[in-house]
Structures are given as structure tokens and as C-alpha cells.
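Enquirer: The opening position of the sequence shown corresponds to residue 91 in this note's numbering, with each subsequent residue numbered one higher.
Even glycine gets a Cβ: it sits at the ideal position worked out from N, Cα and C.
The structure under discussion is supplied below as C-alpha cells; questions concerning it will follow.
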Amino acid sequence: MERNSSGEPSDTNRGASRFDASLEWLPSGLVVPALLGSVLLAYFVVPFAVFLSRTREVDVLAELADPTVQDAIGTSLVTAPISTAIATVFGVPLAYVLSRASFRGKRLVEALVLLPLVVPPIVGGVMLLTVVGRYTPIGAAAAALGMPLTGSRAGVVLAQTFVAAPFLVVTARAGFDGVDPRLEEAARTLGYGRLRTVRSVSLPLARNAIAAGIVLTFVRAIGEFGATMMVAYAPRTMPTQIRVSFIASGIDAIVPIALALLAIAVTVVLAVQLLIGTPRRH
Numbered sequence: 091m092e093r094n095s096s097g098e099p100s101d102t103n104r105g106a107s108r109f110d111a112s113l114e115w116l117p118s119g120l121v122v123p124a125l126l127g128s129v130l131l132a133y134f135v136v137p138f139a140v141f142l143s144r145t146r147e148v149d150v151l152a153e154l155a156d157p158t159v160q161d162a163i164g165t166s167l168v169t170a171p172i173s174t175a176i177a178t179v180f181g182v183p184l185a186y187v188l189s190r191a192s193f194r195g196k197r198l199v200e201a202l203v204l205l206p207l208v209v210p211p212i213v214g215g216v217m218l219l220t221v222v223g224r225y226t227p228i229g230a231a232a233a234a235l236g237m238p239l240t241g242s243r244a245g246v247v248l249a250q251t252f253v254a255a256p257f258l259v260v261t262a263r264a265g266f267d268g269v270d271p272r273l274e275e276a277a278r279t280l281g282y283g284r285l286r287t288v289r290s291v292s293l294p295l296a297r298n299a300i301a302a303g304i305v306l307t308f309v310r311a312i313g314e315f316g317a318t319m320m321v322a323y324a325p326r327t328m329p330t331q332i333r334v335s336f337i338a339s340g341i342d343a344i345v346p347i348a349l350a351l352l353a354i355a356v357t358v359v360l361a362v363q364l365l366i367g368t369p370r371r372h
């Protein structure tokens with residue numbers, strides 16, 4: 091070991107020792123993957139840190155008091171939970187069927203579920219307009235009943251659900267795939283019907299995956315911009331308002347509403363983890 095003139099370890103060796111000690115907690119063989127992963131992690135963290143540093147230059151509370159910003163926050167807080175609930179009510183059963191059933195056309199159904207994920211959101215919005223636009227049979231009928239499906243909160247929900255629901259289906263299906271079918275068969279031998287088996291065995295065992303799907307769906311819904319802009323530019327959601335503010339006034343103008351969007355997303359993630367739990371290794 092190199093030492094300096096006083097006989098103490100040199101700064102270079104001291105730094106190397108600290109680096110080696112910081113890697114002792116990693117299992118053998120994971121050091122290189124951890125180092126590579128840390129590069130991507132830094133790429134995630136640095137923009138957040140730099141963006142948050144701009145809050146010192148902006149009067150966040152004053153900007154959040156703007157009625158336009160408050161309306162956008164209110165619209166997102168109403169529509170995103172509704173979209174997530176719709177995705178959950180219809181997506182979890184679909185995920186279970188895809189996990190347990192074999193039928194002709196299953197591959198096609200799986201592809202259709204993934205379609206909104208691979209189609210650009212703005213194109214997804216155009217597709218929705220061809221179905222629920224004001225001049226389509228469905229859109230015209232809804233407008234005649236006083237419930238327009240475009241330019242309304244209903245349109246926002248339609249756009250958010252189209253884009254975000256696949257996350258729920260894909261994640262929940264992965265959870266059901268991880269449930270041993272023999273446990274369900276055991277419950278059936280005890281006299282449980284199919285629905286009771288799903289409710290008492292399958293759902294509890296897949297709950298962590300379903301919770302992850304709910305989180306991903308909500309975060310995707312509340313952050314949706316492209317499809318929402320096409321179907322319902324007004325009322326504005328938080329992402330739409332961010333775009334409008336950025337065009338009008340630049341980055342500093344969007345800091346407050348972006349912080350609000352980030353705070354809502356983080357709060358939902360933490361709440362779901364506390365209420366439902368996170369996967370644990372045994």
C-alpha cells in the first residue's frame with residue numbers, strides 16, 4: 091500500500107478502499123451489472139435534480155394559485171382515477187382469462203391488448219376520434235344527449251383509458267401467470283366455485299402485480315398528453331397545460347404544475363405500496 095510522507099495511506103489508496111468497501115454489500119457477480127445500471131440510474135436522476143433546482147427561481151405557490159393551473163390539476167385528479175378504475179374493473183378479468191384460458195384467436199387478442207402501447211399516443215387519439223368524434227354516430231348520439239365525448243372530461247377519460255389500460259392488463263396477467271394453478275385446483279376440490287377461487291386464491295396471490303399495474307396505469311393516465319390533446323384539448327389536463335405554458339412562457343412557467351404532477355404521482359405510488367404492499371423475496 092502506498093503511504094505518504096507521514097506514513098499514512100495515500101489519498102488514492104484511501105479512496106480506493108472506500109470504493110471497495112461500498113461494493114462489499116453486492117453479491118459476487120453483481121458488481122459489473124450494478125455499475126452499468128448506475129449509469130442509467132444517474133441518467134434518470136440528474137435531470138430531476140437539475141429541474142428541481144429551478145424551483146428556487148420560481149414562486150411556486152403563486153403560480154399554483156392561478157385558476158387555469160388549478161382547473162388543469164382538478165381535471166387530472168378527477169379523470170385519472172376514473173380511467174384507472176375502468177382499466178382495473180375490465181382489465182383484471184381480461185388478464186385472468188389470458189393467463190388461464192386457451193382459445194382460438196388468443197394471439198390476436200394479446201396483440202390487440204398491446205396495440206395501444208406500440209401506436210403513438212397522438213395516433214391513438216386520431217383513432218378514437220374516428221369512433222367517438224362529434225360527427226360519428228356514437229359521438230353525435232352522445233352529444234345529442236348532452237354528454238359529448240370530445241372536448242369534455244369524458245373525452246379525457248376515453249383517451250387516458252385507451253393509452254393506459256394495457257399496462258394494467260399486461261402486469262396483472264404476469265401476476266396471474268405466477269400463481270400456481272394447482273393452488274386453484276386445490277381450492278376447487280374444497281368446494282370453491284370459480285369466482286370464489288379467483289377472489290380467495292388468485293387475486294390475493296397476484297395482488298402485488300395488480301398493484302403495480304394500478305400504479306403504472308394511473309401514472310400513465312395522469313401524464314397522458316398526445317391522445318388527450320386530440321380527443322379533448324379542453325378542458326385542459328396537467329400535461330396539456332404544461333405544453334401551453336411552455337409555449338407561452340418557457341421552462342420556468344411549467345415548473346409549478348410539473349412539481350404538482352410529480353407530487354401526485356409519487357403520493358399514489360407510496361399509498362399503493364403502503365396499502366397493498368410490495369413483492370418480497372423469501
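1) Should Phe109 be labelled buried (16 or more other beta-carbon atoms within 10 Å of its own) or exposed?
2) Assign Glu275 to one of two classes, buried (16 or more other C-beta atoms within 10 Å of its C-beta) or exposed (fewer than that).
3) In whole angstroms, what is the alpha-carbon distance linking Ala106 and Leu125?
4) Could you give the DSSP three-state label for Met328: helix, strand or coil?
5) Give every residue of the same chain whose Cβ lies closer than 7 angstroms to the Cβ of Val321, excluding the five residues on either side of it in the sequence, and list them in chain order.
6) Taking all protein chains shown into account, decide if Met328 is buried (16 or more other Cβ within 10 angstroms of its Cβ) or exposed.
7) How would you write the range of the alpha helix (DSSP H) that Ala124 sits in, first residue to last?
8) Near Gly181, what residues of its chain come up, given a Cβ to Cβ distance below 7 angstroms and the 5 sequence neighbours on each side ignored?
9) Taking DSSP as the reference, what is the three-state secondary structure of Leu280?
10) Might you give, ordered along the chain, the residues of its own chain that have their beta carbon closer than 8 angstroms to the beta carbon of Thr287, omitting 5 neighbours on each side?
11) Looking only at its chain, what residues have a beta carbon closer than 6 angstroms to the beta carbon of Ala343, apart from the 5 residues adjacent to it on each side?
12) Comparing the C-beta of Thr220 with each C-beta of chain D, is any distance below 8 angstroms?
13) For Glu314, does the count of other Cβ atoms within 10 angstroms reach 16, so buried, or fall short, so exposed?
14) Around the C-beta of Tyr186, are 16 or more other C-beta atoms found within 10 angstroms, so that it is buried, or is it exposed?
15) Does DSSP put Ala230 in a helix, in a strand, or in coil?
16) Using the beta-carbon count (16 or more within 10 Å), is Ile304 buried or exposed?
17) Can you tell me where the alpha helix (DSSP H) holding Arg190 begins and where it ends?
18) Go ahead and pull the three-state DSSP assignment for Asp270.
19) By a C-beta neighbour count over all protein chains shown, 10 Å radius and 16 as the cutoff for buried, is Val356 buried or exposed?
20) To the nearest angstrom, how far is the alpha carbon of Gly223 from that of Val168?
21) What does a CB cutoff of less than 6 angstroms around Ser189 pick up in its chain, not counting 5 residues either side in sequence?
22) At the level of alpha carbons, what is the spacing between Val345 and Val150?
Expert: Short version:
1) Since pLDDT at Phe109 reaches only 49, below the 50 mark, its modelled position is unreliable, and the value read off the structure follows with that caveat. Under this definition Phe109 is an exposed residue.
2) exposed
3) Low local confidence applies: a pLDDT of 49 at Ala106 is under 50, so the model's placement there is unreliable, and no value is given.
4) helix
5) Gly215, Leu218, Leu219, Thr240, Gly245, Leu248, Ala249
6) buried
7) 121-143
8) Ala255, Leu258, Val259, Ala262
9) coil
10) Glu274, Ala277, Arg278
11) Ser335
12) Absent from the structure is chain D; it holds one protein chain and no more.
13) buried
14) buried
15) helix
16) buried
17) 157-190
18) coil
19) exposed
20) 22 angstroms
21) Arg263, Phe266, Asp267
22) 7 angstroms
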